[in-house]
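Going down the list, the protein sequences come from chains B and P.
Those letters in the first sequence? Residues 1 to 269, by the numbering used here.
Those letters in the second sequence? Residues 270 to 486, by the numbering used here.
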Amino acid sequence: MSSQTAVIDTAARASLWLQPHRVVLILIALGLVASAAYFMRWDWLPQYWEMGLVGIWRALWILAVTCALGFMIAVPVGLAQAAGSIWVAAPAKVFCTIIRGTPLLLQLWLLYYGLGSLFPQYPWIRESWMWPYLRQAWPYGVLALTLSFAGYEGEVMRGAFAGVPKGQLEAARAFGMSRWKIFRRIWLPQAFYRALPTLTGETVLQLKSTPLVATISVIDIFAVSSKVRQDTYLTYEPLLLLALIYMAITGILVFAFSRIEARIPVKIG
Amino acid sequence: MHSLEIAVGATIVGLLIGTWGAYGKLYGGPVVRDLFAVYTTVVRAVPELVLILLLYYAGTDLINQVLAAMGYQRVDISGLVAGIAVLGFVQGAYSTEVIRGAILAIPQGQIEAARAFGMSPGLLLRRITLPAMLPFAIPGLANLWLIATKDTALLAVVGFFELTLATRQAAGVTKAYLVFFLAAGVLYLCVTLVSNFLLGRAEKWARRGMPSIKEAR
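Laid out in C-alpha cells, this is it:
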C-alpha cells in the first residue's frame, strides 16, 4: 500500500519536474555537450587516461585523509572552546581565527617553502628517518589541508558541542557515567549529528581546495590537467573535463552524505 | 593593495549579480529560474581555482574574438579587471543564495503592503526589500567578503600580482621564506579582524529596532 503511493508520488514528482521548458533546456544542454564533444579536440584523452585516473585517486585520497585527520583535531579544538578553561579555550580560539583568517594558499606556501627551506639547515633532521618524507611535497599539502579543515570544522564543532542540551549531560552524570563515557556515549554523538549538515558543506569545500596542492607540485587531477594543457597547447578541453570531474565528485559526496543524514534520528535534543 | 581592490570590486560585482539572481530565482519565469539554478549549482560545485583558470582564459579569449570579429584590434585586458570579473562571477553564485534566503526571511506582509501602496518594483526593491533583508543577509555576506579577500590569493596561480604572489617572489629573492609568508599572513589576518569588527557594527546597525536573537527564542 505504502509502496504503491510512493510509486505514484515519484511518478507525479517526475512529471512535475519534467516540464516542457525543462525538456527544451536539457536538449540544449545535450546539444552543447555533443557539439563540444564533436568540435573540440579530445584525441589526447587515451594518452592521459591512466594518469588522470591516478590523479583522481590521489585527490580523493588526500580528501579522505585530510578530512579524517582534520576532524580528529577539530573535536578537541571544539571541545576546548565549548567547555574548556580559558587556558585551553584561548589557544583553540586563536588557532581557529588564524586558520580562518588567512588564505589556504598562503598557509600551504608558508609550510612548503617556509618550513621546507628551514628543515635542511638542521643535520639531525636530515639524518632522521623522517627525511625521505620531508623531502617530498605531499606531507606539506596534507598537513596544510588538515590544519585548514581542523580550523573550520573546530568552529563548527564548538557550536555543536555547545548546542547539546544541558539536561542530556546532567542525566548521564546522574546515571553515574564517567566523564569519558559521557563524552563518548552522549556528548560526541549528539554533537556529531548536529554538525553533520555543516560537515557536508565543509567536505565539499575541502574537495574544492584540494587542487591547491598542485601548486606545490603534488600530481593530483588538477596537475594532470595542467600538464595536458602544457603538452598539447589546448586551453579549454582539459579544464572543461576537469570541471565536469569535480562536479561529479561533488554530486557523489552530497548524495552519500544525504544518505548518512537520512540514517540518523531526526528528532534530537 | 591590489588584493583589496580586487576583493572590494569582486564583492560589489557579486552583490549586483546576487541581487539580480535572487530576484530571478524568486520572481522569474520557469526558464530564468532554471538557468539561475544551473548557474549557482555549477559554480558552487567546481573548485574556485578551476573556475578562475577557465574564466580567465575563456573570458579574455572570448572578448578578443568578439572584438576581432567586429573589426577592432585585440586588447590586453588588465589583470585587475579580469580578476574582478572572474571573482565577481564566482561570488555572484554564492551571494545569490544568501540574498534569496534573506528575501525569503522578510515577513511577506511588508512586501504586500508596499505593493498595495502602488510602489513600482524599483522603488519596492530600493525602499523595502533591500533594507528589510539586510539584517538577514549581513552574516552570510560578511562570510562572503572574507572568502573574497582570501580568494584573491588564488589569482596568484594565474600570475596576477597580488599579495601572495608578491610575497612568494620577495621570499624567493631574499631566501627568507618564513619571514615573508608570516608577514603576509599577519596582513591577511589584520584585514579579517578589522572587517569582522566593522561588519559586526554594521549588523548591529542593520538590526536596529529588531528584537535581539536571544529574546526572540
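Every residue gets a Cβ at the ideal spot worked out from N, C-alpha and C, and that includes glycine.
query                                                                                                                           : result
Any chain P beta carbon closer than 8 Å to GLN19/B                                                                              : yes
Secondary structure of THR235/B, DSSP reduced to three states                                                                   : coil
Top-ranked residue by Cα proximity to SER148/B, from GLY163/B, PRO103/B and TRP187/B                                            : PRO103/B
For PRO211/B and PRO316/P, believed in contact at Cβ under 8 Å, the rounded distance                                            : 5 Å
Distance between beta carbons of LEU106/B and PHE450/P, contact taken as under 8 Å                                              : 6 Å
beta-carbon LEU234/B near the ligand SAM non-hydrogen atom, thresh 7 Å                                                          : The ligand SAM is absent from the structure shown, which contains no ligands of any kind.
Through-space distance from SER364/P to LEU111/B, alpha-carbon basis                                                            : 32 Å
Any chain P beta carbon closer than 8 Å to TRP138/B                                                                             : no
GLN206/B: first and last residue of the uninterrupted alpha helix (DSSP H) it sits in                                           : 188 to 209
Environment of ALA37/B [buried if 16+ CB atoms lie within 10 Å]                                                                 : exposed
Extent of the continuous alpha helix (DSSP H) to which SER364/P belongs                                                         : 348 to 374
LYS473/P - containing alpha helix (DSSP H), residue span                                                                        : 446 to 475
Proximal residues to ILE245/B (C-beta, below 7 Å), its chain only, five neighbours per side dropped                             : ILE56 and ILE221
Alpha-carbon to alpha-carbon, TRP474/P and LEU399/P                                                                             : 14 Å
CB contact below 8 Å: VAL426/P versus chain B                                                                                   : yes
GLU366/P beta carbon less than 8 Å from that of THR310/P                                                                        : no
The segment 419 to 434 of chain P touching the segment 347 to 363 of chain P, judged by at least three CB pairs closer than 8 Å : yes
Assumed close pair ASP330/P, LEU25/B - CB separation to whole angstroms, cut-off 8 Å                                            : Wrong, their Cβ atoms sit about 26 Å apart, outside the cutoff.
Closest residue to ALA59/B among MET130/B, GLN136/B, LYS208/B and LEU143/B (Cα-Cα distance)                                     : LYS208/B
Enclosing alpha helix (DSSP H) for ALA162/B [first to last residue]                                                             : 138 to 163
Alpha carbon of MET72/B to alpha carbon of GLN190/B, nearest angstrom                                                           : 16 Å
Beta carbon proximity, ALA314/P to chain D, threshold 8 Å                                                                       : Going by chain labels, chain D is absent from the structure shown, which instead holds the protein chains B and P.
Where THR280/P falls, given that 16 or more other Cβ within 10 Å makes a residue buried                                         : buried
Cut-off 6 Å between Cβ atoms - residues of its own chain near LEU403/P, not counting five sequence neighbours on either side    : ALA475
Continuous alpha helix (DSSP H) stretch holding VAL54/B: start and end                                                          : 45 to 83
With 16 other Cβ atoms within 10 Å as the buried cut-off, status of LYS166/B                                                    : exposed
Integer Cβ distance of LYS294/P from ARG369/P, believed to fall under 8 Å                                                       : 5 Å
Buried versus exposed, by CB contacts within 10 Å (16 or more), PRO238/B                                                        : buried
C-beta contact flag for VAL142/B and ILE249/B at 8 Å                                                                            : no
Beta-carbon proximity of VAL254/B to THR200/B, cut-off 8 Å                                                                      : yes
Closer than 8 Å at the beta carbon, the chain B residues around ARG437/P                                                        : TRP109 and TYR113
Continuous alpha helix (DSSP H) stretch holding SER35/B: start and end                                                          : 20 to 39
Residue interval of the alpha helix (DSSP H) (run including VAL319/P)                                                           : 317 to 338
Cβ contact check for the segment 94 to 103 of chain B and the segment 453 to 466 of chain P: 3 or more pairs under 8 Å          : yes
ALA262/B, DSSP secondary structure in three states                                                                              : helix
Members of the segment 461 to 473 of chain P near chain B, C-beta cut-off 9 Å                                                   : THR461, LEU462 and ASN465
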